[in-house]
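Student: This structure is in structure tokens; I'll ask about it shortly.
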Amino acid sequence: MEGVNLRQRNSRPLDELTKKKSTSGEGDRKSALYRFTTAGKLILTANLWYNAIPTQNCDVLVTFPEKADDYDVMWIYNRITKRAPQLQVTVRRHANIPVYAFYITATFENLLQAAEQLSMRKRLKQSHGGGWKEFNLEESKMFLNIENSNDFFTTRERQTIVFKMVEEIRAEHGDSVGRLVLIEGEPIVPKCLSKGIIKQILPLHSNTDLKKLEKDWVQAFLRPQPLDEISSYFGVKIAMYFGWLGFYTRSLIIPAMIGLLFYLFDTGDALSQVIFAVFNIIWGTVFLEAWKRKSQEYAYRFGTLDLPNNLVTEPRPLYRGDYQPSPVTGRLEPYFPTWKRRLIYCVTIPVILFCISVVFVVMLLCFKLQEFFNEHAPAWTVHFPKMLLALSVSVMDDVYKKIAVKLNDWENYRLEETYENHLIVKLLLFQSVNSFLSLFYIAFYLQDFRRLKQQLVALLIVRQIIGNIKEALVPYVMQKIKFYRMSKKMEKLEQQLLEKHNKGGDETEVEDKTMLTQAEVECQMKEYEDTLEDYAEMFIQFGYVVLFSSAFPLAAVCALLNNVIEIRSDAFKLCSSFQRPFSQSVRGIGEWQFALESMGNVAVMVNCALLALSGIFQKIYPGITPVGVVMVTILLEHLVFAIKILVEKAIPDVPEWIETELAKLEYRRRTAYMESQTAKRRSNSPVVNDVPSGNTSEEAGVQL
38 MEGVNLRQRN SRPLDELTKK KSTSGEGDRK SALYRFTTAG KLILTANLWY
88 NAIPTQNCDV LVTFPEKADD YDVMWIYNRI TKRAPQLQVT VRRHANIPVY
138 AFYITATFEN LLQAAEQLSM RKRLKQSHGG GWKEFNLEES KMFLNIENSN
188 DFFTTRERQT IVFKMVEEIR AEHGDSVGRL VLIEGEPIVP KCLSKGIIKQ
238 ILPLHSNTDL KKLEKDWVQA FLRPQPLDEI SSYFGVKIAM YFGWLGFYTR
288 SLIIPAMIGL LFYLFDTGDA LSQVIFAVFN IIWGTVFLEA WKRKSQEYAY
338 RFGTLDLPNN LVTEPRPLYR GDYQPSPVTG RLEPYFPTWK RRLIYCVTIP
388 VILFCISVVF VVMLLCFKLQ EFFNEHAPAW TVHFPKMLLA LSVSVMDDVY
438 KKIAVKLNDW ENYRLEETYE NHLIVKLLLF QSVNSFLSLF YIAFYLQDFR
488 RLKQQLVALL IVRQIIGNIK EALVPYVMQK IKFYRMSKKM EKLEQQLLEK
538 HNKGGDETEV EDKTMLTQAE VECQMKEYED TLEDYAEMFI QFGYVVLFSS
588 AFPLAAVCAL LNNVIEIRSD AFKLCSSFQR PFSQSVRGIG EWQFALESMG
638 NVAVMVNCAL LALSGIFQKI YPGITPVGVV MVTILLEHLV FAIKILVEKA
688 IPDVPEWIET ELAKLEYRRR TAYMESQTAK RRSNSPVVND VPSGNTSEEA
738 GVQL
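Residues in the sequence shown are numbered consecutively from 38, following our numbering.
Here you go:
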């Protein structure tokens, strides 16, 4: 009964809040009759999203489940408005999707104060040294565009600041909402989100910026990617991924051209095959070293090259454990002992091994099916088992990703970065076995190089086709289906309200309920998870190119053609099918650099072993003994590793011009700082009057 009374007591204030919603930015209100005649045309078009009424004065949107308790919504609203009064919160109840939503923003002055607290990096004016510097209010005049409140913060920066302000709202002693009892000092909104009390938190798209990105990026197929605009809109992490993907794609041009020439003019010369295999290995090393330099350039452009490490980090909202005072902040935080995690490893490791064994069994079944088709099936069906194996690889990747996430959640890592790194290890371990096991089995057990080439072609092509369909086409189609259902629902609502209006209903109510807003549409879009799956896909592709280049010279050609499409399909899904993600700052591609370098080292051993098993050394040196083949293979392997190490040492990780620019920036900053301090001292010092020449020092002191 108490819950019912609370709900009844608080339903009226919540209803009053929703009635006070601002109509600014919703466009000039149209008459209901005009809305009726145009609504159907707007709703049923393919661009329902763009036809929605733009949502203004909202940086971060918080939505609740459909069956959310009014008391819970009101409780969270009160905590946000009282403990973060600098935030402006508008409560609305969506008419077409019956949920409550908080439209949160902040004034420019409050954004400036929060940017200083967050140590947000902003670009300096050229007169003050240029480059990037942590924002502070005392030196605000040093920063570019500070005079213009509309241009100083990008929409991404505004959303990041507001989101951090919302995240920093903490529970006090005795706080509880629903069945969730909050610990003092615990962040309220992230905890409510993890427990399902809040459904989602998202930043809204900026239609003006998004349309420009679509024109200059998605539709500009042959133009360079606008990485600065991508960074400004989606954040550095996503821009860094597309920068890496573009650099990798351009780097594939040389091995693709050489592989194509080798394929077209292959004379069976054994020495040329050895040279081609060694070339691909060296190319992989040069590519990775060149990317290190390029990533430094991108980090310099995006302002994250000298990004300081965050020594004070909050636990993940899903991190669980017994609460203990933090040795850093003194606040109560969950603590999970290491020995418990090690016990969990005793379960997760066998599960991973079991999943790998399933891959092996599926591979053997497909090979048995291949033998049956070779002997009993028509000739045109002999490639079906290869396609089936390639399809099963993609399906098992999706299944194992869900298993890996569950295992990672169970292992319960405190920090988001640690959680992501362990998830990367699990995914790469399984996907590498899943993608390469059949090829290793054919190459080193069956030793059938013709079959190896056929299987590699099937895996490359099928995986790339399925990947593009799954990543871009399926989300787009599912979004269109969801929008179509929404439009049909609105069309039905329109007819009902029209009948009510004809009977003398309220015109304003009719108009409100037939207006579809941008926020309502974007709430129904799929959340963009992360770049993790995109990197994993390219990691496997890189493995196909460098591991088995001696078996299939056209691997780089297939990868190049796929990546040209992949860049635009990934751009398309970000701009058309997903919610806008919150931005993240990074210096590079993180653990993926180490993973790619490890793949390059494995490629040396695999290619040398393939050359030994293919009989190429016997063609070059007729009469060579098996022991001699082993010795030549080991010698070649050591030689290639030596070349790799020389290349790595010869290419500096940081370009010299960046070191020079950083030194210039530091010098200009110091000079500008000294000049500003000198000017302050002069302005604060008292003015000394001219002292007559005959006065003594004491008299002069009196006249000062």
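Note that beta-carbon positions come from the ideal geometry of N, C-alpha and C, so glycine has one too.
How many angstroms separate the CA atom of M294 from the CA atom of V594?
Tutor: 7 Å
Student: For Q714, is the classification buried or exposed, using 16 other Cβ atoms within 10 angstroms of its Cβ as the cut-off for buried?
Tutor: exposed
Student: In this structure, does DSSP put I90 in helix, strand or coil?
Tutor: I90: strand per DSSP, three-state reduction.
Student: Identify which residue in M179, D607, E370 and R379 has its Cα closest to the Cα of A208.
Tutor: E370
Student: Nearest-angstrom Cα distance between Y565 and M157?
Tutor: 24 Å
Student: Which residues bound the alpha helix (DSSP H) around K438?
Tutor: Its alpha helix (DSSP H) spans residues F421 to E448.
Student: If you draw a straight line from the alpha carbon of R500 to that of W281, how long is it in whole angstroms?
Tutor: 21 Å
Student: How is the alpha helix (DSSP H) around R160 delimited, first residue to last?
Tutor: Here R160 belongs to no alpha helix (DSSP H); instead the beta strand (DSSP E) covers R158 to R160.
Student: What does the alpha-carbon distance come out to for the pair L217 and F101?
Tutor: 15 Å
Student: My assumption, with CB atoms under 8 Å, is that L241 sits in contact with Q621. Please give the rounded CB distance.
Tutor: So it is not a contact: roughly 18 Å between Cβ atoms.
Student: For D434, count neighbouring Cβ atoms within 10 angstroms of its own Cβ and tell me buried if that reaches 16, exposed if not.
Tutor: Buried: at least 16 other Cβ atoms inside 10 Å.
Student: Got a sec? Which residues, its chain only, sit under 6 Å from K337 by beta carbon, not counting five neighbours each side?
Tutor: Contrary to the premise, residue 337 reads as Tyr rather than Lys in this sequence. Closer than 6 Å at Cβ, skipping near neighbours: I695.
Student: If you draw a straight line from the C-alpha of K201 to the C-alpha of Y710, how long is it?
Tutor: 30 Å
Student: Is the beta carbon of E674 less than 7 Å from the beta carbon of V641?
Tutor: yes
Student: How about L464 and A480: are their beta carbons less than 7 Å apart?
Tutor: no
Student: Ignore the nearest five residues each way along the sequence and tell me which others in L325's own chain have a CB closer than 8 Å to its CB.
Tutor: Counting only residues of its own chain and dropping the five nearest sequence neighbours on each side, L325 has a CB closer than 8 Å to the CB of Q630, L633, E634 and G637.
Student: Can you find a CB in chain D that lies within less than 7 Å of the CB of N115?
Tutor: In the structure shown, chain D cannot be found, because there is only a single protein chain.
Student: Just curious, the alpha helix (DSSP H) that K490 is in, first and last residue?
Tutor: Taken as a continuous stretch (DSSP letters only), the alpha helix (DSSP H) holding K490 covers F486 to N505.
Student: Using CA coordinates, which residue listed in D571, M400, V514 and A414 is at the minimum distance from Q492?
Tutor: M400
Student: Taking DSSP as the reference, what is the three-state secondary structure of D265?
Tutor: helix
Student: In the DSSP assignment, find the unbroken beta strand (DSSP E) run with Q361 in it and report its ends.
Tutor: Q361 -> beta strand (DSSP E) spans D359 to P362.
Student: Out of curiosity, what's the CA-to-CA distance linking K423 and L597?
Tutor: 22 Å
Student: Can you tell which of E603, H420 and C560 has its C-alpha closest to the C-alpha of E508?
Tutor: Distances from the CA of E508 to each of E603, H420 and C560 were compared; the closest alpha carbon is that of E603.
Student: Return the CA-CA distance between L289 and L584, expressed in angstroms with no decimal places.
Tutor: 15 Å
Student: Taking the C-alpha atoms as reference points, what is the distance between K159 and F180?
Tutor: 7 Å
Student: Since K170 is in the beta strand (DSSP E), which residue starts that stretch and which ends it?
Tutor: W169 to E171 is the extent of the beta strand (DSSP E) around K170.
Student: Ignoring anything shorter than 4 residues, give me the alpha helix (DSSP H) runs that lie fully in the stretch 568 to 656, in order along the chain.
Tutor: Entirely contained in the stretch 568 to 656, the alpha helix (DSSP H) runs reaching 4 residues are, in chain order, 569 to 584, 592 to 613 and 628 to 650.
Student: Would you call the CB atoms of K331 and F284 closer than 7 Å?
Tutor: yes
Student: Below 8 Å on the Cβ atoms is my guess for R353 versus Y456; work out the distance and round it to an integer in Å.
Tutor: 6 Å
Student: Run through DSSP, which three-state label would V691 get?
Tutor: Assignment of V691 by DSSP, reduced to helix, strand and coil, places it in the coil class.
Student: Considering V97, what are the terminal residues of the beta strand (DSSP E) in which it resides?
Tutor: Judged by DSSP secondary structure, V97 falls within the beta strand (DSSP E) whose first and last residues are V97 to T100.
Student: Roughly how many angstroms separate the alpha carbons of L683 and P689, rounded to a whole number?
Tutor: 11 Å
Student: Does DSSP classify K104 as helix, strand or coil?
Tutor: coil
Student: Taking only the alpha-carbon atoms, compute the straight-line gap between T60 and K249 and give it to the nearest angstrom.
Tutor: Residue placement at T60 is flagged as unreliable, the pLDDT there being 42, under the threshold of 50; the coordinate-derived value follows with that caveat. Rounded to whole angstroms, T60 to K249 spans 26 Å at the Cα level.
Student: Runs of 4 residues minimum, wholly inside the stretch 206 to 281: which ones carry the alpha helix (DSSP H) assignment?
Tutor: 225 to 231, 244 to 250 and 264 to 271
Student: To which residues does DSSP link A138 through a beta bridge?
Tutor: T100 and R129
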